[in-house]
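Visitor:
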Amino acid sequence: MLKIINLHVQIGNKKILNGINISINSGEIHAVMGPNGAGKTTLAMSLMGHPGYKKIDGEISINNKDIISLLPEERARIGLFVSFQQPIEISGVSFLSFLRTAHKALYPDIKIPLSQFKQSVINALKVVHLDENFMQRSINEGFSGGEKKRAEIVQLIILQPKFAILDEIDSGLDIDSLKIVAEAVIEVVKQQKVGILIITHYQRILHYLKPDKVHVLIDGQIKSTGTISLVKKIEKDGYAKI
Ligand code: ADP
Ligand code: MG
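In structure tokens, the structure reads:
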């Protein structure tokens, strides 16, 4: 279980998160919805241990192991993964070599021959309908917005975390890509029993994913938690009523 208890976070002198409580079991999908500037990305970055986000109170644990004092790479090694709202481009590092290096760092005891690893990357690219030549290109360089988001899903498939935070994986996707990404996430949950925290402010992807719980984040606090019916209520009335 990924457990977030009473999490307070500030950036510089500005308090952004004001006591977040969320618990996610393996194989569950939780959605966090909220208006711009509510603190959604701050929550994602804080979970991963970004040094610019200062925890001032609260606990984060994975399977009862406190991860607050761990570095991002240590959090990754015990099974945490974040996909970026705005994936960065890295010139001169191929997507394949990045995935290979990341996989080796996460699983030093598992030796996979390069040819076999390549095949698993090709298979993962296929899942999100990306051509296999993407693995030879520099990470995200010249990728369209939608291709960047799909490349994040390829990482999710290859790196096999226990818990994944997907920060606006749906923004910038056309309706076909959205369906492809949603189906890939459903498959990962089913096959690998990953627990998912999906951050979004659109309901569309949630109709595919059918989250177990929906949390509404406003001004750094969870103001409401419910099921898909809460999404419908937000669609109808907006965040203001919540
Ligand atoms: P969301 O993802 O919900 O749109 P964010 O977590 O990105 O919101 O941002 C929450 C608040 O924190 C916003 O008011 C934003 O301007 C502020 N913020 C985010 N990053 C920084 C930063 N590096 N310095 C100062 N303020 C920031
Ligand atoms: Mg954001």
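Residue numbering for the sequence shown follows my numbering, starting at 9 and increasing by one per position. Glycine is no exception: its CB is placed at the ideal position from the N, C-alpha and C atoms. Bear in mind that the values here come from a model prediction, so they are computed numbers and not experimental data.
(1) By alpha-carbon positions, which one of Ser69, Arg83, Asn33 and Glu155 ends up nearest to leucine 15?
(2) Does the distance between the C-beta of glutamate 176 and the nearest non-hydrogen atom of the ligand MG fall short of 7 Å?
(3) Are at least three pairs of beta-carbons, each pair with one atom in the segment 196-206 and one in the segment 136-154, less than 8 Å apart?
(4) By the DSSP assignment, the alpha helix (DSSP H) with threonine 208 in it spans what residues?
(5) Could you compute how far the alpha carbon of aspartate 65 sits from the alpha carbon of glycine 100?
(6) Between leucine 122 and isoleucine 24, what straight-line distance do the alpha-carbon atoms span, to the nearest angstrom?
(7) When the Cβ atoms of the segment 155-169 are set against those of the segment 102-111, are three or more pairs found closer than 8 Å?
(8) Tell me whether the segment 37-47 and the segment 228-245 touch, counting them as touching only if at least three CB pairs, one residue from each stretch, are closer than 8 Å.
(9) The beta strand (DSSP E) spanning aspartate 65 covers which residue range?
(10) Which two residues bound the contiguous alpha helix (DSSP H) that contains lysine 48?
(11) State yes or no: is the C-beta of valine 17 within less than 8 Å of the C-beta of methionine 56?
(12) Looking at the secondary structure, which residues open and close the beta strand (DSSP E) in which valine 90 lies?
(13) May I ask you to verify whether the segment 202-219 touches the segment 77-85, counting CB pairs closer than 8 Å and requiring at least 3?
(14) Could you check what DSSP says for histidine 215 in three-state terms: helix, strand or coil?
Guide: In short:
(1) Ser69
(2) yes
(3) no
(4) From DSSP, threonine 208 is part of no alpha helix (DSSP H) but of the beta strand (DSSP E) over 203-208.
(5) 40 Å
(6) 44 Å
(7) As far as the Cβ criterion goes, the segment 155-169 touches the segment 102-111, which means the pair count is three or higher.
(8) yes
(9) 62-70
(10) 48-56
(11) no
(12) 88-91
(13) Note that the segment 202-219 does not touch the segment 77-85; fewer than 3 beta-carbon pairs, one per stretch, sit closer than 8 Å.
(14) DSSP places histidine 215 in helix when its eight states are reduced to three.
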